[in-house]
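Reviewing the structure listed below.
In my numbering, the protein residues as written are 1 to 322.
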């Protein structure tokens, strides 16, 4: 066996080559793990050189950089538990108020109109109003109004004054403060991502990069619009309270478990009497105006019968020739 290869010089040379290979491998592995992270942390010097990088590499680096910006923004925007529970936030809670009232009234239509007018007077509006006939001459109804949250109690008290009797009343208050904080944090994060995408778009130098960044930018803007819509809807629910009112006619009462409506029966009988009288008078008027036409028809028919009778009589009375 030739041992001339295992001289001290050869051994040192092989060891040196091995060390160099290990160092290069270490740099490559470290670069793969830390390279994108360095870009993500905002290395502006490297970002400025991205224009000279091939298209695919530039797009990937932009993508990593923007994703990390979103992560960093989320870390900054998401409040700590102490922030949500702070005294400043407790004093500014976001609460959605709503109420339901069931009223016994003397007149359903006038009561429904009174509630709608009340909503306008308090700076609100009517979101739904219905009146329907339960049976002949007997009506029920419902009205839903939106009033400023600060005047919710005043509106409820005024509505109860309309009723002959309040049969049922309920109120709810839903605290949506945490929903607000969460939506605002997510919105801030997405807006930060939008800003970074716009910066990257300005540095894009080829069609591939422009199309890719534009696609991500469009997605972020769509999410921003959705969150803004949710915040707007939630703010509307907080600012304007909802009150739903149902009406039932006072005459529709129960006696010993039997529904008895004497006032309704009297009104119905009187109405039927009036309808009968009007039909009778209408018939007299119609007959009086139609009588001349009827006489003409009778005269024509009678004249025809008379002519036919005379002809028949003439033939029957004629004597036979001798």
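Cβ atoms here follow ideal geometry from the backbone N, Cα and C, with glycine treated the same way.
- Classification of residue 245 by the beta-carbon crowding that lies within 10 angstroms, buried from 16 upward: As a working mapping, residue 245 is identified with position 245 in the chain shown. Buried, by the Cβ-count rule.
- Query: With C-beta atoms as the reference, is residue 163 less than 8 Å away from residue 118?
  - Reply: Counting from 1 along the chain shown, the entry for residue 163 is found at position 163. Counting from 1 along the chain shown, the entry for residue 118 is found at position 118. No; because the gap between Cβ atoms is not below 8 Å, this pair is not in contact.
- Query: For residue 172, which three-state DSSP category applies?
  - Reply: Here the question's residue 172 lines up with position 172 in the chain shown. Residue state, collapsed to three classes: strand.
- Item | Distance, residue 290 Cα to residue 309 Cα | Along the chain shown, read from residue 1 onward, the residue named residue 309 stands at position 309. Along the chain shown, read from residue 1 onward, the residue named residue 290 stands at position 290. One C-alpha to the other measures close to 29 Å.
- Query: Is the segment 200-210 close to the segment 171-185, with three or more CB pairs under 8 Å?
  - Reply: no
- Query: Who are the Cβ neighbours of residue 166 in its own chain at under 7 Å, not counting the five residues just before and after it?
  - Reply: As a working note, residue 166 is residue 166 in the chain shown. Excluding residues within five positions, the ones whose Cβ falls inside 7 Å are 101, 103, 160.
- Query: Over what stretch of residues does the alpha helix (DSSP H) that includes residue 221 continue unbroken?
  - Reply: Against the chain shown, residue 221 aligns to sequence position 221. It spans 207-239 - the alpha helix (DSSP H) in which residue 221 sits, taken as one unbroken run.
- On the premise that residue 223 lies in contact with residue 190, defined as a C-beta separation below 8 Å, what is that separation, rounded to the nearest angstrom? In the chain shown, the residue the question calls residue 190 occupies position 190. In the chain shown, the residue the question calls residue 223 occupies position 223. Taking the Cβ atoms as the reference, residue 190 lies roughly 5 Å from residue 223, within the contact range of under 8 Å.
- Task: Take the Cβ of residue 197 as the centre, count every other Cβ of all protein chains shown within 10 Å, and call the residue buried at 16 or more, exposed below.
- Result: The residue you call residue 197 lines up with position 197 of the chain shown. By the Cβ-count criterion, residue 197 is buried, with 16 or more other Cβ atoms from all chains shown falling within 10 Å of its own Cβ.
- Message: Can you tell me whether residue 93 is helix, strand or coil according to DSSP?
- Response: Taking the chain shown and counting its residues from 1, the one referred to as residue 93 is at position 93. Under the three-state reduction of DSSP, residue 93 is assigned to coil, being neither helix nor strand.
- Item | Residue nearest to residue 236 in terms of C-alpha spacing, selected from 195, 125, 209 | Along the chain shown, one-based indexing puts residue 236 at 236. Ranking 195, 125, 209 by Cα distance to residue 236 puts 125 first.
- Item | Contact between the segment 132-141 and the segment 107-115 (3+ Cβ pairs under 8 Å) | yes
- Message: Buried or exposed for residue 146, going by 16 or more other Cβ atoms inside 10 Å?
- Response: Counting from one through the chain shown, the residue named residue 146 turns up at place 146. Residue 146 should be labelled buried.
- How long is the line joining the alpha carbons of residue 262 and residue 249, rounded to whole angstroms? Along the chain shown, one-based indexing puts residue 262 at 262. Along the chain shown, one-based indexing puts residue 249 at 249. The straight-line gap from Cα to Cα measures roughly 13 Å.
- Inter-residue spacing [alpha-carbon to alpha-carbon] between residue 277 and residue 284: Numbered from its first residue, the chain shown carries residue 277 at position 277. Numbered from its first residue, the chain shown carries residue 284 at position 284. Taking the straight line joining both Cα atoms gives about 11 Å.
- On a CA-only basis, which of 188, 212, 313, 314 is nearest residue 228? Give me that one, please. Against the chain shown, residue 228 aligns to sequence position 228. If we check each option's Cα against that of residue 228, 188 comes out closest.
- Item | Segment limits, beta strand (DSSP E) that includes residue 133 | On the chain shown, residue 133 is found 133 positions in, with the first residue counted as 1. Where residue 133 is concerned, the enclosing beta strand (DSSP E) starts and stops at 125-135.
- Residue interval of the beta strand (DSSP E) (run including residue 151): To locate residue 151, count along the chain shown from 1; it is residue 151. Unbroken run through residue 151: none, as it is neither H nor E.
- Item | Backbone CA spacing between residue 219 and residue 173 [nearest angstrom] | In the chain shown, residue 219 corresponds to position 219, counting from 1. In the chain shown, residue 173 corresponds to position 173, counting from 1. Cα-Cα distance, rounded: 35 Å.
- Task: Tell me whether residue 266 sits in a helix, a strand or coil according to DSSP, three-state version.
- Result: Within the chain shown, the letter at position 266 stands for residue 266. Looking at residue 266 - three-state DSSP - the assignment turns out to be helix.
- Query: Thinking just about the alpha-carbon of each residue, which of 226, 241, 210 is nearest to the one in residue 155?
  - Reply: Residue mapping note: residue 155 aligns to position 155 of the chain shown, counting from 1. Residue 155 has its Cα closest to that of 241, out of 226, 241, 210.
- Query: In three-state terms, what does DSSP make of residue 250?
  - Reply: Here residue 250 refers to the residue found at position 250 when the chain shown is read from its first residue. The answer is coil: DSSP assigns residue 250 none of H, G, I, E or B.
- Return the CA-CA distance between residue 234 and residue 270, expressed in angstroms with no decimal places. In the chain shown, residue 234 corresponds to position 234, counting from 1. In the chain shown, residue 270 corresponds to position 270, counting from 1. If I take the Cα positions, the gap works out to 53 Å.
- Message: Can you find the residues in the same chain that come closer than 6 Å, C-beta to C-beta, to residue 94, ignoring five residues on each side of it along the sequence?
- Response: Working through the chain shown from its first residue, we reach residue 94 at position 94. Counting only Cβ-Cβ distances below 6 Å, and skipping sequence neighbours, we find 176, 177, 180, 238.
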